[in-house]
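Positions 1 to 325 (this note's numbering) are the ones given, in order, by the sequence shown. C-beta atoms are modelled at their ideal positions from N, C-alpha and C, and glycine is treated no differently. In what follows, a single structure is set out as structure tokens and then discussed.
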Amino acid sequence: MSRTEAKRRAKVGTAHPRHLIAVLLALVTAMTATACTTADDRPSIVVTTNILGDVTRVIVGDEADVTVLMKPNADPHSFGLSAVQAAELEQADLVVYNGLGLEENVLRHVDAARESGVATFAAGEAADPLTFHTADDGGPEGEEGQPDPHFWTDPDRMHKVTGLIADQVIEHVDSVDPGTIRVNADRYANQLSDLTTWMEKSFGRVPADQRALVTNHHVFGYLADRFGFEVIGAVIPSGTTLASPSSSDLRSLTQAMEKAGVRTVFADSSQPKRLAEVLRTEMSGGVRVVELHSESLTAKGAGAHTYLRMMRANTTAMVTGLTST
Numbered sequence: 001m002s003r004t005e006a007k008r009r010a011k012v013g014t015a016h017p018r019h020l021i022a023v024l025l026a027l028v029t030a031m032t033a034t035a036c037t038t039a040d041d042r043p044s045i046v047v048t049t050n051i052l053g054d055v056t057r058v059i060v061g062d063e064a065d066v067t068v069l070m071k072p073n074a075d076p077h078s079f080g081l082s083a084v085q086a087a088e089l090e091q092a093d094l095v096v097y098n099g100l101g102l103e104e105n106v107l108r109h110v111d112a113a114r115e116s117g118v119a120t121f122a123a124g125e126a127a128d129p130l131t132f133h134t135a136d137d138g139g140p141e142g143e144e145g146q147p148d149p150h151f152w153t154d155p156d157r158m159h160k161v162t163g164l165i166a167d168q169v170i171e172h173v174d175s176v177d178p179g180t181i182r183v184n185a186d187r188y189a190n191q192l193s194d195l196t197t198w199m200e201k202s203f204g205r206v207p208a209d210q211r212a213l214v215t216n217h218h219v220f221g222y223l224a225d226r227f228g229f230e231v232i233g234a235v236i237p238s239g240t241t242l243a244s245p246s247s248s249d250l251r252s253l254t255q256a257m258e259k260a261g262v263r264t265v266f267a268d269s270s271q272p273k274r275l276a277e278v279l280r281t282e283m284s285g286g287v288r289v290v291e292l293h294s295e296s297l298t299a300k301g302a303g304a305h306t307y308l309r310m311m312r313a314n315t316t317a318m319v320t321g322l323t324s325t
């Protein structure tokens with residue numbers, strides 16, 4: 001050891017404790033500032049619904065931070081934002097939302113983010129949306145011609161949206177690797193193709209005279225269109241859970257169910273079952289209420305915490321509900 005090095009070590013060893021504390025505090029402050037800068041520099045994507053949030057996270061991987069606003073088991077028609085979440089929207093590099101009126105309490109915040117210069121992508125508007133039918137055709141009364149926001153019940157439309165989300169991320173989010181985004185999106189698209197094939201095979205077990213659906217509200221129009229089902233009606237004759245049925249609505253629905261021989265009602269697990277239970281009373285019992293995860297993912301471990309798991313769980317429950325006697 002050199003004399004200079006020995007003197008330096010001796011000096012450090014005899015330094016006043018207050019000086020050492022000051023040095024340590026300076027080092028910690030510098031490290032914290034560096035960490036904050038790095039975190040702040042991370043690209044940010046904000047997604048409104050947890051279904052689209054799951055898909056976006058798969059596509060993005062580790063290339064950017066993805067924040068999902070809607071909690072598990074929430075109702076997309078009624079969930080709201082805190083002031084902090086609203087601010088996150090306006091600070092994002094990209095906002096992915098469903099659109100078509102689904103997030104009824106959140107869309108004004110998305111509009112505000114867009115007006116402040118944030119790139120936004122309405123997945124539902126890009127998914128070849130269907131329109132609601134008239135009430136006489138089993139569709140939501142008063143919503144004839146309005147776009148149906150529940151496109152994700154058709155996995156082929158989600159397949160299309162997957163590629164479009166990848167396009168938006170590559171275009172608007174700096175520093176992501178386009179190659180990685182494409183690989184992630186293509187891998188997920190293959191899983192969606194497998195899902196469609198599996199659903200076709202599963203629904204193939206439902207006889208033609210049993211392919212009639214009654215739901216808590218109108219949410220399965222895309223699934224019915226894709227896999228050859230008929231929507232008889234809904235307990236809430238609307239595309240939103242915020243509407244309420246009248247006594248005449250329930251009477252019309254029970255008559256349609258009796259005529260079609262339908263005794264099963266599919267109700268979303270995130271919504272109250274009271275109205276479906278009322279229908280059971282209206283028909284003097286004999287009506288089964290089958291729970292589905294139609295508009296929200298569950299918490300992890302609860303059976304439907306990803307879009308793929310949700311679709312498989314719903315398909316299994318629907319096939320069982322329609323074929324069991």
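For this session: In the DSSP assignment, find the unbroken beta strand (DSSP E) run with S116 in it and report its ends.
Result: As a working note, residue 116 is residue 116 in the sequence shown. Premise fails: S116 is in no beta strand (DSSP E) and is neither H nor E.
Exercise. Are the region 211–223 and the region 146–158 touching by the rule of at least three beta carbon pairs closer than 8 Å?
Worked result: yes
For this session: Can you tell me which of G80, L250, G124, F203 puts its alpha carbon nearest to the alpha carbon of G228?
Result: Counting from 1 along the sequence shown, the entry for residue 228 is found at position 228. Nearest of G80, L250, G124, F203 to G228, Cα basis: F203.
For this session: Along the alpha helix (DSSP H) that carries L216, what are the first and last residues, could you check?
Result: In the sequence shown, the residue the question calls residue 216 occupies position 216. For clarity, residue 216 is Asn in the given sequence; the question names Leu instead. Careful: N216 lies outside any alpha helix (DSSP H), inside the beta strand (DSSP E) at 212–217.
Exercise. Taking the C-alpha atoms as reference points, what is the distance between I358 and A122?
Worked result: There is no way to answer for residue 358, as the model of the chain reaches only from 1 to 325.
Problem set entry | Pairwise C-alpha distance: A166 and V327 | Outside the shown range of the chain, which is 1 to 325, sits residue 327, and nothing can be said about it.
Exercise. Terminal residues of the continuous beta strand (DSSP E) containing L94?
Worked result: Indexing the sequence shown from 1 puts residue 94 at position 94. Per DSSP, L94 belongs to the beta strand (DSSP E) from 94–97.
For this session: Keeping to the same chain, check which residues put their C-beta closer than 8 Å to that of Q168; ignore five residues upstream and five downstream.
Result: The residue you call residue 168 lines up with position 168 of the sequence shown. Correct list, in chain order: L94, V96, A119, F121.
Exercise. Is it true that the CB of I232 sits closer than 8 Å to the CB of A189?
Worked result: Indexing the sequence shown from 1 puts residue 189 at position 189. Indexing the sequence shown from 1 puts residue 232 at position 232. Not a contact, by the Cβ cut-off of 8 Å.
Exercise. Within 10 angstroms of its Cβ, does T316 collect 16 or more other Cβ (buried), or is it exposed?
Worked result: The residue labelled residue 316 in the question sits at position 316 within the sequence shown. T316 is exposed by the Cβ-count criterion.
Problem set entry | Cβ shell of G321 (< 8 Å), same chain only, five flanking positions each side left out | Residue mapping note: residue 321 aligns to position 321 of the sequence shown, counting from 1. Correct list, in chain order: T264, F266, R288, V290.
Exercise. For P155, which residues of its own chain have a beta-carbon under 7 Å away from its beta-carbon, when the five flanking residues on both sides are left out?
Worked result: Taking the sequence shown and counting its residues from 1, one reaches residue 155 at position 155. For P155, where only same-chain residues beyond five positions count, the Cβ hits under 7 Å are L192, L195, T196, M199, M311.
Exercise. Secondary structure at E63, three-state DSSP: helix, strand or coil?
Worked result: If you number the sequence shown from 1, residue 63 lands on position 63. The answer is coil: DSSP assigns E63 none of H, G, I, E or B.
Exercise. Are the region 51–62 and the region 104–117 touching by the rule of at least three beta carbon pairs closer than 8 Å?
Worked result: no
Exercise. Where do the N-terminal and C-terminal ends of the beta strand (DSSP E) with D268 fall, by residue?
Worked result: Along the sequence shown, read from residue 1 onward, the residue named residue 268 stands at position 268. Taken as a continuous stretch (DSSP letters only), the beta strand (DSSP E) holding D268 covers 264–268.
Exercise. Secondary structure at V47, three-state DSSP: helix, strand or coil?
Worked result: Counting from 1 along the sequence shown, the entry for residue 47 is found at position 47. In the structure shown, V47 falls within a strand segment according to DSSP collapsed to helix, strand and coil.
For this session: Give me the Cα-Cα distance between L213 and A299, rounded to the nearest whole angstrom.
Result: The residue you call residue 213 lines up with position 213 of the sequence shown. The residue you call residue 299 lines up with position 299 of the sequence shown. So the two alpha carbons sit approximately 27 Å from each other.
Exercise. Between which two residues does the alpha helix (DSSP H) harbouring R205 extend?
Worked result: Walking along the sequence shown from the start, residue 205 turns up at place 205. Counting along the chain, R205 falls outside any alpha helix (DSSP H), and DSSP gives it neither H nor E.
Exercise. For P207, is the classification buried or exposed, using 16 other Cβ atoms within 10 angstroms of its Cβ as the cut-off for buried?
Worked result: Along the sequence shown, one-based indexing puts residue 207 at 207. Its Cβ having fewer than 16 others within 10 Å, P207 is exposed.
Problem set entry | Where L292 falls: helix, strand or coil (DSSP) | For the purposes of this step, residue 292 is identified with residue 292 of the sequence shown, where counting begins at 1. Residue state, collapsed to three classes: strand.
Exercise. Since F227 is in the alpha helix (DSSP H), which residue starts that stretch and which ends it?
Worked result: Numbered from its first residue, the sequence shown carries residue 227 at position 227. Note, F227: alpha helix (DSSP H), 221–227.
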